[in-house]
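Below you'll find the structure, written out as structure tokens, and then a few comments.
In UniProt numbering, the protein residues as written are 1 to 139.
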């Protein structure tokens, strides 16, 4: 059974908070303008190759609106210059930079820094993220 989580206690992992960089694959593994889901311990992380902007983003895979692991299959786009992900089920949209819900709702998602180095893609994780989420299925 999935435990109830207070999402307001989670914040994006900023570049300065990164304890380690998780290699999630080669650039060629990712679809153009699309995402893939990766599991690390208890975390499910959606990683997006926003190739039309020449940018990479990562966030939790769980859509907090209906509690479904689906964001990696969502549609990416821009809203007023802000990169966003839309849940493929209910079209809730979230900023890929801040995690803020762009539909005006209170729910938000956790975002992670991404870097590309020598053709490999890395997601930045903070030790605290794993400690806080240990045993939960929120991402």
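The beta carbon of each residue, even a glycine, is placed where N, CA and C say it ideally should be.
A quick note: this is a predicted structure, and the numbers were derived from the prediction, not measured.
- Around residue 59, the same chain offers 46, 109 and 111 as residues with beta carbons nearer than 6 Å, after the five sequence neighbours per side are excluded.
- Partner residues in the beta bridge of residue 49, as assigned by DSSP, are 34 and 56.
- Rounded to the nearest whole angstrom, the CA to CA distance from residue 71 to residue 64 is 10 Å.
- Relative to residue 62, the option among 55, 118, 121 and 107 whose CA is nearest is 107.
- Within the same chain, and ignoring the five residues on either side of residue 118 in sequence, no residue has its Cβ closer than 7 Å to its Cβ.
- Spanning the alpha carbons of residue 66 and residue 89 requires a straight line of approximately 9 Å.
- By the criterion of a C-beta distance shorter than 7 Å, residue 103 is surrounded in its chain by 92 and 93, once the five residues flanking it on both sides are discounted.
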